[in-house]
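Asker: Have a look at this one before I ask anything.
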Amino acid sequence: MDADLAPLQLFGVLLLVLGAILFILPMVLERLPSLEKVPWIILYVYRSDGFVFVTSPILIIISVLSFLLYILRYRI
52 MDADLAPLQL FGVLLLVLGA ILFILPMVLE RLPSLEKVPW IILYVYRSDG FVFVTSPILI
112 IISVLSFLLY ILRYRI
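Take the position in the sequence shown, starting the count at 1, then add 51; the result is the number in the numbering used here.
The structure is reproduced here in structure tokens:
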């Protein structure tokens, strides 16, 4: 039974690590003032009154395309 849960446990650990990275990343990025020089398609930084929002449009595009491919492939 433990072998059946191994992929699920690995997925859980991966999500925990990803969550920790996403939690720490804005604090690190607000100390780096040169991020605005990176092309916007790779990294988009929005700053307003102490609020910092950082995203990657290229990763969002790739995620949406892979989601659409998944839906189109397994819908039929």
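Note that CB positions come from ideal geometry on N, CA and C, so glycine has one too.
Predicted, not measured: the structure shown is a model, and the values here were computed from it.
When you compare only the Cα positions, how much space is there between Leu120 and Ile111?
Answerer: Translated into positions along the sequence shown, residue 120 becomes position 69. Translated into positions along the sequence shown, residue 111 becomes position 60. Approximately 14 Å, taken between the alpha carbons.
Asker: What are the uninterrupted segments assigned as beta strand (DSSP E) that are 3 or more residues long and contained completely in the region 57–106, given in chain order?
Answerer: 95–99 and 102–106
Asker: What's the gap between the Cα of Asp88 and the Cα of Gln60?
Answerer: Here the question's residue 88 lines up with position 37 in the sequence shown. Here the question's residue 60 lines up with position 9 in the sequence shown. Before going on, a small fix: residue 88 reads as Lys here, not Asp. Approximately 39 Å between the Cα atoms of the pair.
Asker: Please report the distance separating the alpha-carbon of Phe102 from that of Leu76.
Answerer: Your numbering for residue 102 matches position 51 in the sequence shown. Your numbering for residue 76 matches position 25 in the sequence shown. Cα-Cα distance, rounded: 13 Å.
Asker: Report all residues from its chain with a CB closer than 7 Å to the CB of Ile93; omit the five preceding and five following residues, and keep chain order.
Answerer: Counting from one through the sequence shown, the residue named residue 93 turns up at place 42. Hits under 7 Å: Ser107 and Ile109.
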